[in-house]
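Report on one structure; see the data block that follows.
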Amino acid sequence: MKKILLAVVLVFSTTVLFAQQTTYPVNGSYDTRPGMFAFTNATIVVNANQTLTNATLLIKGQTIQAVGAGMAVPKGYVVIDLKGKFIYPSLIDAFSSYGIPEVATQARGFGGARQSVFVSTKKGAYNWNEAIRPETSVKTIFSADGKKADELRKVGFGSVNVINRDGIARGVSAAVTLNDATDNNVFLKDQTAANYSFNKGSSANDYPTSLMGSIALLRQTYYDAQWYGKQKEEYNISLEEFGKQQNMPQIFEADGWANVLRADKIGKEFGKQYIIKSTGDEYQRISEVKATGATLIIPLAFPKAYDVEDPAEARNITLAQMKAWEMAPANPAALEKAGIKFALTAFGLENSRDFWANIRTAIENGLTEKQALQSVTEVPASILGISDKVGSLEKGKVANFLISSDNLFKNGNIIFENWVQGKRFIVNKMDVADVRGIYNLNVDGISALILKITGTGGGSVAAIERTGVDSVKTTATFSRNGDWVSINFNLKKNPKGDVRLSGYLTAANPLTFKGESALADGSTGRFTATFKEASKETPKPDEPKPSLATGTLLYPFGAFGNAELPKQETVLLKNGTVWTNEKEGILQNADVLLENGKIKAVGKNLPAGNAKVIDATGKHITPGIIDEHSHIAGSGGINEGAQSVSAEVRIADIINSEDVNIYRQLAGGVTTSHILHGSANPIGGQSQLIKLRWGKSPEELKFAGADGFIKFALGENVKQSNFGTGLRFPVTRMGVEQTYIDEFTRAKEYAKAMSAKGNNVRRDLELDAIVEILNNKRFITCHSYVQSEINMLIHAADSMGFKINTFTHILEGYKVADKMKAHGIAGSTFSDWWAYKNEVAEAIPYNGKIMHNVGITTAFNSDDAEMARRLNQEAGKAVLYGGVPEEEAFKFVTLNPAKMLHIDGKVGSLKAGKDADVVVWSADPLSIYAKAEKTFVDGVAYWDIEKDAQVIKAQQIEKARLIQKMLESKSKGGRTQRPVSEAPRLYNCETLENYSAELTEQEHAH
Amino acid sequence: MRTNIKPYMLSLVLSACSLICFAQANISPAKKQSKTIAITGATVHVGNGTIIENGTILFGNGKIISVTTNGQVPQDDVLRINASGKHVYPGFIAATTNLGLIEIEAVKATLDFQEIGDFNSHIRSIVAYNTDSKVPATLRSNGVLMAQPTPQGGVVSGSSSVVQLDAWNWEDAVIKTDDAMHMTWPVTPRFRGGFGRPQVSAEALAERTQTAINQLTSFFAEAKAYSEMGKPEVINTRFEAMKPVFSGTEKLFIAADGQKDIVAAVNFAKKFGITPVITGADEGYLVIDFLKNNNISVVVKQPHALPNNNDDDVNMPYKNAAILANAGINVVVSIDGYWQQRNLPFMAGTVSAWGLDKEKALSTITLNAAKVMGVDKTTGSIENGKDATFFISAGDALDMKTNKVEQAFIQGRDINLDNLHKQLDKKFSDKYEAEKK
């Protein structure tokens, strides 16, 4: 009893001090105590590798004095006997927003619409862009939050790393304990790490709107910080702080494995190894994640099962969602198995009480207890550089530890106490007798009853039963305070009304309660409850056991993904109609041999050798389709349109290998796509050429050795005729011209300065790209519509000394075909689009034919994920409108785009030595009746119409299995979420979005 | 002026555009048929699923007199058109389009297809149908000769009419006024993958949908009761416009895509004694028996579409119409938009490529469409007594590779196949030709 009383005093009196000094005055007399405690006879888990049995822990004030077995307790220590109990280091969360005021996001329109805020609205000598706020220091804004601290302590945490989760460069985090002392006394380390993310957070600036913009801004900031140190004209607090933080640990909050890879790539570019906080889907690309070498911080939040009872609604859940539900709990195990160092965080849990249930789920799915413990103690301590203070139980460290009934990870374990900085916090009372059982209850004036006490903490729930004549069964209100109990129940009759009992434990063997009784009629008396037998009911497990992850990984993770990637084969396509796109033209009854990813031979009666022979009789064999203008396979927006020039952003940074449109377009014979920035501004971003290698990682999709391109745009989109606030320059075609003149003028001056002063010039990623254009190292594809603007850009190019490689869309190309021809500019257009904007009022389907006839390299492109999968038919329209010869028409979607992308040496025709990017069609590919039956990229059949039918079937079986499993989980009481239908995201030239706002929205929706 | 040119010259003139080029404003509607015409030697694609090889089509006063195999041409003063080796198709019908109600999508002043308000049963498309639009001429030259301009927006959008595409104004364009009332079944909106999730919960969204359905039900119930009143005290123009829907003289088209929504929409209409036509029907293939048992016609929108769900068969949008038609459902195939209608033939071609017999695929843009619009007595196929609305193509008109419309007749009138695009083509091709010399 004494101990309990002491604990009560400690919890409620915050002015009690251990032998320590403080600057804070005390109101009244000082109450300074020795704070010396000895915890004896315990199983002490010093760290994940060392456990002492029957050991003693000595603490003094907030410091551990000694840990060991067979130790004598010196005089002056309060002894707490922990026989049969465990001591663990308190947990550490490396990623928390504890004690940070909620960030008020700036009012933006629906979905984060633009406000045309071009530079920082923050007063002071800070960075031009508000999302770069390294000057933020948690130590200056942190204030302990008692309620939240209590919540975290109950889970078992003793210290956390506090991060201000706002902005792209977020400033410095701090590690604090969860003690309820004054703010001055909880700091473990005031500067733990510099923090970053892709989310601009509360910044009022339009820029960046996209993920690639966030990446570009961060990259530019590194260069700006380097430059800042060398110059004397500008004072910039943000850049100064950014520079100072470079030697600290660097924590990057990314979301999902793809962003882990993206973040890591930026880090490597600047010689940094980020510690990356992700979302728990890393198992989907574990080898790529491992290759980053990054230490990860991983949440213990797992997806809830979907409510799939209604089959029509269940249809809306994707295979990816279902499989993620099944496999995410095995993510920590996968990380451990891969040898990736990681910490676990409670961040992102809907309810912190789920922490232990989820960690046990992870353990059941293969995570070792040792790793689990390390991931919540030593790993976060080492990440934060506070291993000298917390994370294990050693002499000299801070007295942050847990007392538990059992192994921490065992189901049913109870955390009794969480000591933080030598201060005791009671989670569950330790010395409370277990009073659970069945009792004979005798109450004056009532016939004999049975009392059942069950529940956690040694008894918290009661029920009353009477057998025989007046048989009754009812629950009772049961409350307990130490040895005192009060029990209320209502038997409805004999007697009517509430029966109230109030008494205390009078004997331990057998357990006996005695006390007063009061009936509804006002009569009072006595009651006695005597232990009869143990309750047969087993305690309810706190979570239904999840069935283990048994599914296989798919690449990509979802529909049409491959359990194993299709392999490169030696294949002989035999006896087809072969469209060579070479001088041989269309060969009848001819063969194509594919070997080692290349075309080995094209001709008649080729010897098969070891090749797998595919009979192509009656079929057409063509080079793969090349889409000059595509917006598939991108993440986080394809327009960075907040400024009129965004040459610094790179589609290469945001390639999304999981986009189902890759597979859909393979089904339409597409093998190479040029992924372009959108057309929201005169100079857009750098594009990325990809091959549709379905299942490979983002990096592996990239077309190696191809020239770099950049998107330019003219007309209604760049002058924002149909969207935006109308405040961003330019708003006329006149202004568009001057955007180019100004940009190229600056680029020339920049190049000159660079060659004169070298590294002392501020590196400008935007101008770098323009200089590349001037040096013929980067090539322009320009979105264009009407003849005046086309003419204008040709003039601007001539006067500024740059070349235009391609006009894309170019719907009035037919009006200036002679000028394009004279300048050697290619035209990539739509076959028959018009009337959707004023600038296409005179777009005609004969455009392709006219440009072709004038001698321009002419292509048809998609700009549309749907149309891209039938570009062969679009080529067929060149036959319909203007009678272009079939062979030439088909080149519009194969050889000609290859030429304009400078890859005709590798793809675009069927010729020995070129890449084995080949399509087998059921009929003449220009015909509406043609289907792509097989599509090879590098000799790998990524699309096979017969295999597709099998894949669909297998997918249905896998989904049925998962639905069954979800139904079982629900019937066992597992929590579910309502299916929310998700339509695939599609981009075209004009798609505008706000990546950061959506990230934030998504977080709030969860 | 063009109709008097001798037929054998016509195709020459039109395909080469060699004599005169007209500015768009001068593409005049053709004069009434003055002489009986016989098209001989053609492969006649009737539109009802059959073919007549070596067929002879005799037509006068705008109507088809006879369609025969290897038929003799009776009178001497019949104009003969030798179409041997060529194909004749009924004029294609563009169902549920905003053709003529919009000129340029991004220019607000040209948008006349979407009124404000939720229950716009009184709105009628025909009065806004613009015969001077530059778009119809670009459709005719691909074989699209009729259309159903349709209002959009709100829950009940208003009435469509059926028009032919060679007219001075909407009065003479009309084939059938107010053929169908159009409405959209209220559904819970879908969200894009990954981001842009709703700020409100799924439950709240579902409730919102239910509220919309309740309002719709009240509207129909009150309109129906109103229609049974002899003389209402206060005239309600919205309810007045619903009368022909309840009496069955005007069809009811309901846009619904999800399987549940299709079922709900049909059951809703049945409660009011109406057999609706379902438009959209993306998931129609999941409720085939239901559609058959209820005798529902379906307008499949846009076979050239991406699947709605990530996991769906990549080619399902191509297959849907074929699956439904092969199950015995009356299927119409359409395409979204207005200028896009020139690709309507290729929608039918796609449906054929993915499983439907070619002649049946043709029916989906001809006779089946005429049926759901209630104009199949006068048009939709090349049969005796119907309007002489058809065209001659050098090749298979459902395939872009071979679609080559050489001559077209609307109600017997030999129409001008020129259009803005051909004119601009000629203007600039001539320029470059001249520069070469």
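Quick mapping for you: the protein sequence lines, in order, are chains A and B. Numbering-wise, the first sequence is residues 1 to 1006 according to our numbering. Numbering-wise, the second sequence is residues 10001 to 10437 according to our numbering. Note that the Cβ used here is the ideal one computed from N, Cα and C, for glycine as well.
Closest in C-alpha terms to B/Ser10247, from the list B/Lys10260, B/Tyr10226, B/Ile10235, B/Ile10254, comes B/Tyr10226. Listed along chain B, no residue sits closer than 8 angstroms to A/Glu640 by beta-carbon distance, the nearest being about 16 angstroms off. Closer than 7 angstroms at the C-beta level to chain B, one finds these residues of the segment 810–826 of chain A: Tyr814, Lys815, Ala817, Asp818. Rounded to whole angstroms, the gap between the alpha carbons of A/Ala72 and A/Thr40 is 10 angstroms. Here the C-alpha atom of A/Gly905 lies approximately 25 angstroms from the C-alpha atom of A/Ala769.
Nearest to B/Asp10418 by alpha-carbon distance, out of B/Glu10053, B/Ala10083, B/Gly10143, is B/Gly10143.
Per DSSP, the continuous beta strand (DSSP E) segment holding A/Lys600 begins and ends at 598–603.
For B/Gln10341, not one C-beta of chain A is nearer than 8 angstroms to its own C-beta. Ranked by Cα distance from B/Lys10108, the options A/Thr991, A/Arg869, A/Asn838, A/Ser238 are led by A/Asn838. Here A/Gln284 is buried, its C-beta having at least 16 other C-beta atoms within 10 Å.
Within chain B, Asp10399, Met10400, Lys10401 have C-beta atoms less than 8 angstroms from the C-beta of A/Gly876, given in sequence order.
Excluding five sequence positions before and after A/Leu152, the CB atoms of its chain that fall closer than 6 angstroms to its own CB belong to Leu178, given in chain order. The beta carbon of B/Gly10349 sits closer than 8 angstroms to some beta carbon of chain A. Here the segment 774–786 of chain A lies against the segment 744–753 of chain A, with 3 or more beta-carbon pairs under 8 angstroms apart. Each residue's CA atom was taken as its position, placing B/Ile10254 and B/Ser10381 some 25 angstroms apart. Taking a cut-off of 8 angstroms for Cβ pairs, the segment 10068–10079 of chain B and the segment 10038–10051 of chain B touch, as three or more such pairs fall below it. At a cut-off of 8 angstroms, the C-beta of B/Ile10039 has no neighbouring C-beta in chain A. For A/Pro897 and A/Gly908, the gap between their C-alpha atoms comes out near 8 angstroms. Under DSSP, B/Gln10164 takes part in a beta bridge, and its partners are B/Met10146.
In summary, the residues of the segment 10239–10263 of chain B whose CB is separated from some CB of chain A by less than 8 angstroms are Gly10258, Gln10259, Lys10260, in the order they occur in the chain.
The straight-line gap separating the alpha-carbon atoms of B/Ile10410 and A/Leu895 is approximately 42 angstroms. DSSP places B/Val10372 within a helical segment (H, G or I) once states are collapsed to three. Beta-bridge analysis with DSSP links A/Glu737 to no other residue. Short of 8 angstroms from the beta carbon of A/Glu700, and not among the five residues preceding or following it, lie these beta carbons of its own chain, in chain order: Ser657, Arg693. Residue state for B/Ala10397 is assigned as coil, using DSSP reduced to three classes. Judged by pairs of C-beta atoms under 8 angstroms, the segment 664–682 of chain A touches the segment 638–647 of chain A, as three or more such pairs exist.
By the neighbour-count criterion, in which a residue is buried when 16 or more other Cβ atoms sit within 10 angstroms of its Cβ, B/Ser10125 is buried. With respect to the 8 angstroms criterion, B/Leu10165 and B/Met10181 are not classified as neighbours on the basis of their beta carbons. Taking a contact as a CB-CB distance under 8 angstroms, the pair A/Ala960 and B/Lys10260 does not count as one, their CB atoms being some 20 angstroms apart.
For A/Leu296 and A/Lys395, the gap between their C-alpha atoms comes out near 29 angstroms. By the C-beta criterion, the segment 61–70 of chain A is judged not to be in contact with the segment 113–133 of chain A, since fewer than 3 inter-stretch pairs fall below 8 angstroms. DSSP places B/Trp10170 inside the alpha helix (DSSP H), whose first and last residues are 10170–10173.
Excluding its 5 nearest sequence neighbours in each direction, A/Pro556 has C-beta neighbours in its own chain below 7 angstroms: Ser657, Glu658, Gly695, listed in chain order. A/Asn365 has its alpha-carbon roughly 41 angstroms from the corresponding atom of B/Ala10305. Taking 9 angstroms as the cut-off between beta carbons, the residues of the segment 914–941 of chain A near chain B are Ser922, Ala923, Asp924, Leu926, Ser927, Ile928, Tyr929, Ala930, Lys931, in sequence order.
A Cβ of chain B is located within less than 8 angstroms of the beta carbon of A/Asn722.
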